[in-house]
Structure formats: structure tokens, C-alpha cells
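One structure is given here, and the rest of the page talks about it.
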Amino acid sequence: MALPHVTALECTLCGETYDPERELYTCPEHEGVRGILTVQYDYDEVVDRFDADLDGRIESQWKYRAFLPVDPDADPVTLGEGGTPLLDAPALGEKLGVELGVKDDARNPTGVLKDRASSVGVTKAQATGRDVVTCASTGNAAASLAGYAARAGLDCRLFVPADAPEGKLAQPLVYGADVLAVEGTYDEAYDLSMTVTDRYGWYNRNAAINPFLVEGKRTVGHELAEQCRAGGPNWSGPDVPDWVVFSMGDGCTIYGGWKGFQEFYDLGFADDVPRFLGVQADGASAIHDAFYDHDDVAEVADTVADSIAVGRPRNTVKACTALEASDGAAVTVSDDEILAAEATLGRTEGIYAEPAGAAPVAGVEKAREQGIIDAGDAVVIVTTGHGLKDTASALAAGGEVDRIAPEIAAIDARYDSDR
Ligand SMILES: Cc1ncc(COP(=O)(O)O)c(C=O)c1O
Ligand SMILES: [Zn+2]
């Protein structure tokens with residue numbers, strides 16, 4: 000498979016570089032999967048092949064194909080991922096004291112930002128003649144991979160924690176995947192998936208270790224840079240916001256978003272780079288703790304926001320790079336704050352996100368309290384996952400449903416004053 004625009008895979012720990020056409024997940028110089036690799040590009044080659052107008056009209060992330068680490072001759076496996084709207088959010092912005100936009104990435108084909116990565120991963124798997132793909136996931140990446148595997152006609156085997164929300168287990172079943180619910184944590188499901196990948200040689204979509212997967216997530220950064228500047232489809236804020244906010248689990252999503260924006264700045268397609276704010280749960284705060292050099296980082300993952308319930312993030316180094324390079328910050332929020340944020344986002348703006356997708360709202364509130372984000376700053380939060388993925392949390396956030404008798408009296412008793 001030819002990758003003329005990719006120059007090397009580079010280890011984030013020791014700096015060793017490897018041939019990008021070699022199938023390698025992590026640097027072999029380090030124990031386990033610690034040696035996470037980054038993908039390096041020849042940007043002259045990328046720009047030569049990139050001829051799209053940055054006019055804010057984005058049909059899918061394949062508009063940025065020249066930036067994606069796939070063979071230029073490969074047929075993309077696509078369900079129309081990317082091209083999600085950037086919406087002004089004035090009511091919620093007023094509540095938070097900022098000029099707010101929401102990049103609603105829950106609008107992706109399987110309801111999650113991860114479709115950007117799955118599309119790239121399955122395109123690569125198909126182009127290299129693989130017929131089985133696998134991943135470990137807190138739920139969303141698994142459901143996403145299953146959708147793209149179905150689209151490509153590949154077999155899909157998934158490792159998810161048995162206590163993942165039902166919606167995230169049901170979805171990949173409908174896509175025809177083998178869903179293996181591991182009686183353990185996400186971290187245990189992850190370790191098992193790695194052993195299995197070695198033993199069976201399936202193509203591994205684990206975004207945190209497969210260096211190419213996170214590269215698909217860069218397109219959310221490309222889109223943000225383009226949409227902010229073009230003012231579309233519904234953004235009246237500045238060309239470059241002061242802050243962009245993501246929740247963090249393994250840490251690859253915020254890194255992908257930052258890297259995409261940074262590339263556009265480096266190439267002169269954006270005037271500046273926003274500061275990135277990473278949001279974690281109080282009960283799963285390893286990246287936040289590492290960023291602020293806390294001595295004993297607990298390997299716990301206890302939060303209602305299951306998508307970011309990660310005790311041992313695999314991409315702490317990449318996430319901290321995004322935070323450091325952008326002069327960013329990290330905050331943690333409680334489960335009550337996350338559920339309140341889910342309800343607030345729905346009520347004020349009509350946007351339905353799962354807990355990890357709504358956590359950035361709570362993060363902005365926390366960052367305002369702590370003086371990290373100033374009043375009036377332009378802030379874009381990225382809602383990464385759809386509320387329909389986890390209806391149990393939605394009910395916890397939204398409150399009780401009223402059950403009524405099928406009689407007009409029941410309505411009159413409640414709304415009499417409206418008559
Ligand atoms: C909805 C949602 N938001 C945020 C994240 C966090 O992404 P990352 O693990 O790349 O930090 C995930 C990952 O599962 C997710 O599914
Ligand atoms: Zn190394």
C-alpha cells in the first residue's frame with residue numbers, strides 16, 4: 000500500500016522512527032503499548048494534492064483526503080462521516096458567560112466522532128486485504144467500527160466492558176458484529192484485545208495504539224478551522240475561537256482535534272490556534288493529573304460518563320502535547336455536574352448528547368469558576384457522542400416521565416391555568 004505523503008511513524012517516548020508502510024502499532028523499544036507512535040507527513044506532498052475550497056461547505060471528512068494516511072488509490076469506506084454542523088449556542092453561552100458554539104459531532108453516521116477514525120481504519124484494512132477487524136472500546140468505537148465493517152463486508156469482533164450501556168451493545172449487534180462483553184473493566188477488555196490481535200492477526204482499530212486511527216480524528220480540527228473562518232453553517236463568532244473543549248478518555252480525540260487545527264495554522268489556512276481545554280471526570284482523571292504533575296495518579300475509572308471511564312489512558316502523552324502546545328488547560332467535573340450539563344445542553348439548545356458528549360459544558364462552567372476561561376471568551380465545545388447511546392443516563396439527567404390516565408381530567412389537573 001503506497002503512502003507517498005507519509006514520511007514516518009515516530010515514537011512519542013524515544014523519538015525512534017519507523018517505515019509507515021510497515022504494520023506496527025507501537026514502538027517495540029518499550030514495554031507493552033507504552034511506545035505510542037505519531038504519524039509524520041510530507042506537507043509539500045499533502046498540499047500538492049489538496050485542492051478543496053475552504054468555503055465552509057463540507058460534505059464529508061473526505062474533503063481532507065489529502066491529509067489522511069490512506070493510499071491515494073484506495074476507495075474510501077464511507078457512510079458520510081464528518082461535515083457536522085458548528086452551531087451558535089447563544090442561550091447556553093449566556094448562561095456560561097461566554098460566546099459559545101457547539102460542534103455537534105454526535106451527528107456522525109453511528110452517532111459518534113469516532114466514525115472519522117473508523118472510516119480511515121476500515122479503508123486501510125480493506126485496502127490491505129484484511130477480512131477481520133477488531134477493537135476494544137468503552138462502547139462507541141466498537142459500535143462505530145461495526146458499522147464501517149458492515150459497510151465494507153468485513154468480519155468484526157469487539158471487546159467491550161459488560162457494563163457498557165445497552166444501546167452501545169445493541170448497535171454493533173445490528174451491524175452484525177461479534178460483541179464480546181468482557182466481565183471486567185475497559186482496561187481489562189483492552190489488554191485482552193491486544194493479546195488476541197497478536198495471536199490471531201486481526202486488524203486492530205484501537206485508536207489509542209493504532210497510529211493511523213487518531214489521524215482520522217484530525218478532520219474535526221480541519222473542519223473547525225474552516226467553519227469558524229467561513230462562518231458556517233451557523234457561527235457568528237471569531238475566525239479562531241479562544242478555546243476548543245473536548246472530553247478526554249484515552250486522550251486521542253483531543254490530540255486529533257488539536258493536530259488538525261495546528262496543521263491548518265501551519266499551512267496558513269487559519270490565523271491562529273485556539274487553546275484546548277480537556278475535560279475529565281473526577282473519578283477518571285489520569286490525564287488531568289499527569290498534566291498537572293500530580294504524584295500519585297490513581298488508576299481508577301468510576302464515572303457515569305462511560306465513554307471516558309478510562310483508568311489507564313493510552314494517549315496521555317499525545318493529549319498533554321495538545322494541552323501544552325496550545326497553552327491549554329484541563330479540569331475535572333463530578334458526575335452530578337455531567338448529568339446536569341446533559342440536561343442543560345438539551346434544554347437550552349436542543350442538542351442531545353451522552354454524558355461524555357455533554358461533559359465539556361460542565362468543563363466550561365468549571366473553567367469559568369477557576370478563572371481559566373474569561374467572561375466573553377469565544378468557546379467551541381465538541382459534543383462527541385449522541386444522547387440516544389445511553390438512555391439510562393438521559394433519564395437520570397432528564398427526570399421522571401409523568402404517567403397519566405387516558406382522560407382529559409388528567410390534563411386539566413395539570414394545565415388548568417393555561418386555559
Ligand atoms: C462520546 C465520547 N466522547 C469522548 C471520548 C473520549 O475520547 P478519547 O478516548 O479519544 O479521549 C469518547 C471515547 O470513547 C467517546 O466515545
Ligand atoms: Zn520508542
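For the sequence shown, numbering that gives the first Met the number 0 gives the first residue as 0, with consecutive numbering after it. C-beta atoms are modelled at their ideal positions from N, C-alpha and C, and glycine is treated no differently.
Same chain, Cβ closer than 8 Å to Leu168, five either side skipped, listed in chain order: Gly138, Val159, Val178 and Ala180
Between the CA atoms of Ala366 and Glu84 - distance to the nearest angstrom: According to the sequence as given, residue 84 is Pro; it is not Glu. Each residue's Cα considered, the two are about 24 Å apart.
Heavy atom of ligand 1 within 7 Å of Glu225 beta-carbon: no
Closest Cα partner of Pro3 within the set Trp61, Leu67, Cys26 and Lys102: Leu67
Inter-stretch contact (C-beta, 8 Å, three-pair minimum) for the segment 340-347 and the segment 279-288: Flag = no, the segment 340-347 and the segment 279-288 do not touch.
Best match in Cys134, Gln170, Ala163 and Glu165 for proximity to Thr194 [C-alpha to C-alpha]: Cys134
Inter-stretch contact (C-beta, 8 Å, three-pair minimum) for the segment 265-274 and the segment 308-317: no
Among Ala308, Ser306 and Ala318, the one whose alpha carbon lies nearest that of Leu276: Here the closest residue by C-alpha is Ala318.
Bounding residues of the beta strand (DSSP E) (the contiguous stretch that carries Tyr63): Looking at the DSSP string, Tyr63 is not in any beta strand (DSSP E), and its letter there is neither H nor E.
Neighbour-count burial assignment, Leu212, 16 or more Cβ in a 10 Å radius: Result: buried.
Asp334 beta carbon near ligand 1 (any heavy atom closer than 7 Å): no
Inter-residue Cα distance where the pair is Glu28 and Asp154: 32 Å
Three or more C-beta pairs below 8 Å linking the segment 100-110 and the segment 121-130: A contact is defined here as three or more CB-CB pairs under 8 Å, and the segment 100-110 fails this definition with respect to the segment 121-130.
Meets three-Cβ-pair contact criterion under 8 Å: the segment 71-80 and the segment 323-334: no
Close beta carbons around Ser192, own chain, < 8 Å, minus the five adjacent residues each side: Thr133, Cys134, Ala135, Phe158, Asn203 and Asn205
Beta-carbon spacing of Gly236, Glu98 below 8 Å: yes
Where the alpha helix (DSSP H) containing Ile286 begins and where it ends: Ala285 to Phe290
heavy atom of ligand 2 below 7 Å from Glu30 C-beta: no
Cβ pair Gly31, Glu58 closer than 8 Å: no
Proximal residues to Ala377 (C-beta, below 6 Å), its chain only, five neighbours per side dropped: Glu98, Gly236, Pro237, Pro240 and Asp241
Paired residues, beta bridge with Cys155 - DSSP: Val132
In chain order, each beta strand (DSSP E) run of at least 3 residues that lies wholly inside the segment 70-106: 85-87 and 98-103
Cα-Cα separation, Tyr199 to Tyr24: 15 Å
Proximity to Asp162 [Cα-Cα], best of Ala188, Arg21, Leu144 and Ala358: The residue with the shortest Cα to Cα distance from Asp162 is Ala188.
Reduced DSSP category for Asn314 - H, G, I as helix; E, B as strand; rest coil: coil
Element boundaries [beta strand (DSSP E), containing Val178]: Asp177 to Val181
Check: Leu23 C-beta below 7 Å from any heavy atom of ligand 2: no
Candidates Asp52, Ser325, Pro405 and Gly384, of which the one nearest Arg106 by Cα: Gly384
Nearest residue (CA-CA) to Arg156, options Glu44, Leu144 and Thr122: Leu144
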